[in-house]
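Numbering (this note's numbering), first residue to last: -5 to 253.
The structure is reproduced here in structure tokens:
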């Protein structure tokens, strides 16, 4: 775990440099990439449309820095150059975190790779002048580590936005990756309500053990988002743009903004 956000020093204090201006939540299934999905690509058209709209809204908040946050092997920051690849899923496609820095650099986890891919779908003009960095969080990260990372988000001032990548449960039916678990639907419905209501407390209350049993990859990144919003203070409003489980895995797309 890194001690602080690279390039920034000091602890953020409410009302003094705490400037989270927007957040978006998206899932990271490899099949969201049409070239990888092939003939099945239309099955996720609604998901792609919702994700594109959420990322567009995020950039519309005019952040100076955008943090792409997702699950990974360790907890810490990913500073470009850094590149992800869809080769493990059968597609010869690499995605740099920052298109202007295409050198291989560090290797992105799948979650941040999909986030970078979503950013790359936006018009170049919408991304101009926005610094992009990555962050990954381990599913085994302690509450203190999650809180520390959430606080460090605010060190990228004056205006920072979060693109939070994470799937819900993977136990929605006998053909799902985690087989069928009767607890999964209620878990996902709770996440959907929390995202719709911008309810940071509900996300922070997600149980790590239950989330792991249901193979919910988004739990830790969602809790970093919740911690960052709590640090920012003030009221927040949410919009749930998409909620589905087409392959036995729950996918959410949401937008959060200060109220």
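Positions of the beta carbon are idealized from the N, C-alpha and C atoms, including for glycine.
According to DSSP, is residue i part of a helix, a strand, or is it coil?
i           : result
residue 105 : helix
residue 152 : coil
residue 119 : helix
residue 179 : helix
residue 197 : helix
residue 89  : strand
residue 41  : helix
residue 77  : strand
residue 129 : strand
residue -3  : At residue -3 the pLDDT is 46, less than 50, meaning the model places this residue with poor confidence; the figure from the coordinates comes in the next sentence. Here residue -3 sits in coil by DSSP.
residue 143 : helix
residue 162 : coil
residue 157 : strand
Indicate, with yes or no, if the ligand COA has a heavy atom lying under 6 Å from the CB of residue i.
i           : result
residue 129 : This structure does not include the ligand COA; it has no bound ligands of any sort.
Please determine, among the options, the residue with the shortest C-alpha to C-alpha distance to residue i.
i           : options             : result
residue 156 : 32, 51 and 34       : 51
residue 81  : 94, 14, 101 and 192 : 101
residue 221 : 194, 239 and 132    : 194
residue 246 : 34, 43 and 33       : 43
residue 142 : 27, 28 and 224      : 224
residue 71  : 95, 179, 46 and 103 : 103
residue 171 : 79, 253, 240 and 77 : 240
Counting along the chain, where does the alpha helix (DSSP H) carrying residue i start and finish?
i           : result
residue 61  : No alpha helix (DSSP H) holds residue 61; the beta strand (DSSP E) holding it covers 59 to 65.
residue 234 : Looking at the DSSP string, residue 234 is not in any alpha helix (DSSP H); the run it does join, the beta strand (DSSP E), is 230 to 238.
Are residue i and residue j closer than 7 Å when you measure CB to CB?
i           : j           : result
residue 130 : residue 66  : yes
residue 254 : residue 230 : A question about residue 254 goes unanswered here, because the residues of the chain that appear run from -5 up to 253.
residue 106 : residue 64  : yes
residue 189 : residue 140 : no
residue 59  : residue 125 : yes
residue 85  : residue 30  : yes
residue 61  : residue 118 : no
residue 55  : residue 89  : no
residue 158 : residue 112 : no
residue 160 : residue 242 : no
residue 121 : residue 13  : no
residue 182 : residue 244 : yes
residue 185 : residue 199 : no
residue 74  : residue 91  : yes
residue 133 : residue 69  : no
Starting from residue i, trace the beta strand (DSSP E) both ways and give me its first and last residue.
i           : result
residue 251 : 245 to 252
residue 218 : Segment 213 to 226 is the alpha helix (DSSP H) holding residue 218; no beta strand (DSSP E) there.
Sequence ranges, beta strand (DSSP E) only - wholly within the region 8 to 36, length at least 3: 14 to 20
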